[in-house]
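For the sequence shown, the numbering used here begins at 204 and goes up steadily by one. Glycine included, C-beta positions come from ideal geometry on N, C-alpha and C. First comes the structure, then the notes that go with it.
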Amino acid sequence: MMWILFKLLMTSSMVVLISEVAKKSDRLGGLIAALPLVTVLTLIWLYLEKQPESKIANHAWYTFWYVIPTLPMFLAFPFLLKRFGFWPTLGIS
């Protein structure tokens, strides 16, 4: 249970850090958010939990392929936000 709480604290801290940095600097917040930090943490957690290398490799492989379809959202979001507001834009994109 302590291990799960540790992972939860580390991973959620990253989200809080990124949102706090983004308040101060759009560019730096975007850069940090674009880094595959959560994926790297997930790979580390899988490794430390003695998961097979094939599972870790598959996670990296599928993450790559699942990121590609999400990229248009980041292009459309700024334009839709001006027209529809935050929540509708989040739903549309």
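Heavy atom of the ligand GDP within 6 Å of residue i beta-carbon
i: ILE295; result: Summarising the ligand content, the structure contains no ligands, and the ligand GDP is consequently not present.
Through-space distance from residue j to residue i, alpha-carbon basis
i: LYS226; j: ARG286; result: 22 Å
i: PHE209; j: TRP264; result: 26 Å
i: HIS262; j: THR242; result: 9 Å
i: PRO291; j: VAL270; result: 22 Å
Candidates the options: closest to residue i by CA position
i: LEU244; options: MET217, THR273 and TYR265; result: MET217
i: THR273; options: ARG230, ILE295, LEU240 and MET213; result: ILE295
i: LEU240; options: LYS253, PRO275, GLY288 and ILE221; result: ILE221
Terminal residues of the alpha helix (DSSP H) in which residue i lies
i: MET276; result: 274 to 287
i: ILE207; result: 205 to 227
i: LYS258; result: 256 to 270
i: LEU249; result: 240 to 251
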